[in-house]
Amino acid sequence: MKTKLLSMILLAFIFVQCQNTDSKKETSTEDSLAQIDKALLEQAQKMFKVMPEMVEKDSTKITDAMINLGKMLYFDTRLSKKQTQSCNSCHNLATFGVDNLATSPGDNGTLGTRNSPTVFNAAIHKMQFWDGRAADVETQATMPILNPIEMGMSNEKEVLKRLAAVEGYKKLFAEAFPDDKTPITYTNVGKAIGAFERTLTTTDRFDKFLNGDLAALNAQEKKGLNTFISTGCTTCHIGPSVGGEMLMKFGLLADYAPLTGSKVVDEGKFAVTKNEADKFIFKSMGLRNIEKTHPYFHDGSVADLKQAIQIMAKTELGKELSQEEVDDIHAFLLSLTGEIAAEKITPPVLF
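Right, here's the structure in full:
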């Protein structure tokens, strides 16, 4: 009887020891994973930044009156010749700031030659347009209005005459620019639309991760972030918008056209500068909300995000990614899809 009792006690002791050992192993594994996550976070914080609620413009004070006016102008089709197009036509705020078309139709129905990029988070970019020809959103906002293929207005005077004929705009411009003797100017049109666009930022789970919430990303997303960094994607895609920081040659190490199916050769910044060094130079676009802003590239030639990842790796980095690497990077990019506040996308009641 005593022998049996001792055996039972010994078995119980061994069981408890095994449980403690397993528990220690689990704790050790958890601690190791936590350390890996912290190291990844520290690395990410050096390359990226949390998206701000609003993008400031140097020392310029942006008022609610400017933002309110800018939103009205953003949605107003009277800024186009035949009154068919507004900024929102090609940069639809309800669909993450794009129209999901390869290229967009203008006021007379003619298609443009380049894809309409998202306006969300664009204000934080270092330059605007695919070729970087505008320094900021204020400058960019005025250019499509006078573009014959886009909004088609003949000149600035025609735009101002149309706006001045609307009593409501007289009041809004005066409130937005109280120190100006003549508030309705073409420069102020750009300033107002730009002020509104500076409020169009989105935050997502990646921001939570950057703020220290290690559980904000799942295991595959963290693996994808690590692959994104180690592969070299951060050569161009850095900063708060995960891009939008620089101009780079598309097709740096391999011709992009055979891979994307592009039918028209676009020479990028060269079309503006006529400088040979600028051939095929385009802005490295921000990747926030990239899941929702398809199709991709300057001509909208690729609809699938995983295909776009493979193409970028080959053309810019000279690398052939495995399917696992593509899937992991893709998973990380999905964490960049943010939330859009209803008040930002609700069209105003126009005069």
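Note that our numbering has the sequence shown beginning at 2, numbered continuously upward.
Just so it is clear, CB atoms sit at the ideal spot from N, CA and C, and this is done for glycine as well.
Since residue i sits in a beta bridge, which residues does DSSP pair it with?
{"i": "ILE282", "result": "LYS250 and GLY269"}
{"i": "LYS58", "result": "THR61"}
{"i": "PRO106", "result": "LEU112"}
{"i": "TYR297", "result": "VAL303"}
{"i": "ALA135", "result": "GLN129"}
{"i": "GLU340", "result": "THR204"}
Start and end of the alpha helix (DSSP H) containing residue i?
{"i": "HIS331", "result": "324-335"}
{"i": "ILE194", "result": "187-198"}
{"i": "LYS88", "result": "Looking at the sequence provided, one finds Cys at residue 88 rather than Lys. Residues 88-91."}
{"i": "GLN141", "result": "138-147"}
{"i": "GLU157", "result": "157-165"}
{"i": "PHE174", "result": "168-177"}
{"i": "GLU222", "result": "220-232"}
{"i": "ALA258", "result": "258-261"}
{"i": "GLU151", "result": "It is not in any alpha helix (DSSP H) - GLU151 carries neither H nor E in the DSSP assignment."}
{"i": "ILE346", "result": "343-346"}
{"i": "LYS362", "result": "Here the chain covers residues 2 to 352 and nothing more, so residue 362 does not appear."}
Drop a sphere of 10 angstroms on the beta-carbon of residue i, count the other beta-carbons inside from all chains shown, and report buried for 16 or more, exposed for fewer.
{"i": "LEU254", "result": "exposed"}
{"i": "PRO118", "result": "buried"}
{"i": "THR316", "result": "buried"}
{"i": "PRO265", "result": "Note that residue 265 corresponds to Val in the displayed sequence, not to Pro. When all chains shown are included, VAL265 counts as exposed."}
{"i": "VAL350", "result": "exposed"}
{"i": "LEU218", "result": "buried"}
{"i": "THR64", "result": "exposed"}
{"i": "ASP256", "result": "exposed"}
{"i": "LEU334", "result": "buried"}
{"i": "SER60", "result": "exposed"}
{"i": "LYS162", "result": "exposed"}
{"i": "SER336", "result": "buried"}
{"i": "GLY319", "result": "exposed"}
{"i": "GLN141", "result": "buried"}
{"i": "ASN182", "result": "At residue 182 the sequence reads Lys, which differs from the Asn that was named. So LYS182 ends up on the exposed side."}
{"i": "ALA216", "result": "exposed"}
{"i": "ASP300", "result": "buried"}
{"i": "SER87", "result": "buried"}
{"i": "ASP77", "result": "buried"}
{"i": "GLU325", "result": "exposed"}
{"i": "GLY110", "result": "exposed"}
Can you name, in chain order, every residue of its own chain whose Cβ lies under 8 Å from the Cβ of residue i, other than the five neighbours on each side?
{"i": "MET247", "result": "LYS127, CYS237, LYS284 and SER285"}
{"i": "ILE330", "result": "GLY225, THR228, PHE229, THR232, CYS234, ILE310 and LEU322"}
{"i": "LEU201", "result": "LEU94, GLY98, VAL120, PHE121, ASN122, ALA123, ALA124 and LYS345"}
Spatial neighbours of residue i within its chain, please: C-beta separation below 7 Å, excluding the five flanking residues on both sides.
{"i": "ALA268", "result": "A small correction: the amino acid at residue 268 is Glu; Ala does not occupy that position in the sequence shown. Cβ neighbours of GLU268 beyond the five flanking positions: LYS280 and PHE281."}
{"i": "GLY113", "result": "THR104, SER105, GLY107, ILE150 and GLU151"}
{"i": "GLY169", "result": "PHE352"}
{"i": "ASP32", "result": "none"}
{"i": "ASP208", "result": "VAL51 and MET52"}
{"i": "LEU164", "result": "TYR170 and ILE185"}
{"i": "HIS295", "result": "ASN101, ALA304 and LEU306"}
{"i": "ALA40", "result": "none"}
{"i": "LYS223", "result": "ASP38 and LEU41"}
{"i": "ASN290", "result": "PHE97, THR119, PHE121, THR203, LEU337, THR338 and GLY339"}
I'd like the list of long-range same chain contacts for residue i, defined as Cβ closer than 6 Å, with 5 residues on each side in sequence excluded.
{"i": "TYR297", "result": "VAL303 and ALA309"}
{"i": "GLY252", "result": "PHE281 and THR316"}
{"i": "PRO241", "result": "LYS50, MET52 and ILE125"}
{"i": "LEU6", "result": "For LEU6, the predicted structure reports a pLDDT of 47, less than 50, and the residue's modelled location is therefore unreliable. The matter cannot be settled from this model."}
{"i": "LYS307", "result": "VAL327 and HIS331"}
{"i": "GLU57", "result": "none"}
{"i": "ASP132", "result": "GLY269, LYS270 and VAL273"}
{"i": "THR411", "result": "In the structure as shown, the chain starts at 2 and stops at 352, and residue 411 therefore has no counterpart that could be examined."}
Throw me the rounded Cβ distance for the residue i and residue j pair, which I believe falls under 8 Å.
{"i": "GLY244", "j": "ALA332", "result": "At roughly 18 Å, the Cβ-Cβ gap does not stay under 8 Å, so GLY244 and ALA332 are not in contact."}
{"i": "ILE341", "j": "LEU260", "result": "Not confirmed; about 32 Å, so no contact."}
{"i": "GLY195", "j": "ASP137", "result": "7 Å"}
{"i": "MET154", "j": "SER81", "result": "7 Å"}
{"i": "PHE174", "j": "ASN189", "result": "6 Å"}
Are the C-beta of residue i and some C-beta of chain C separated by less than 8 Å?
{"i": "PHE271", "result": "The displayed structure is made up of one protein chain only, and chain C is not part of it."}
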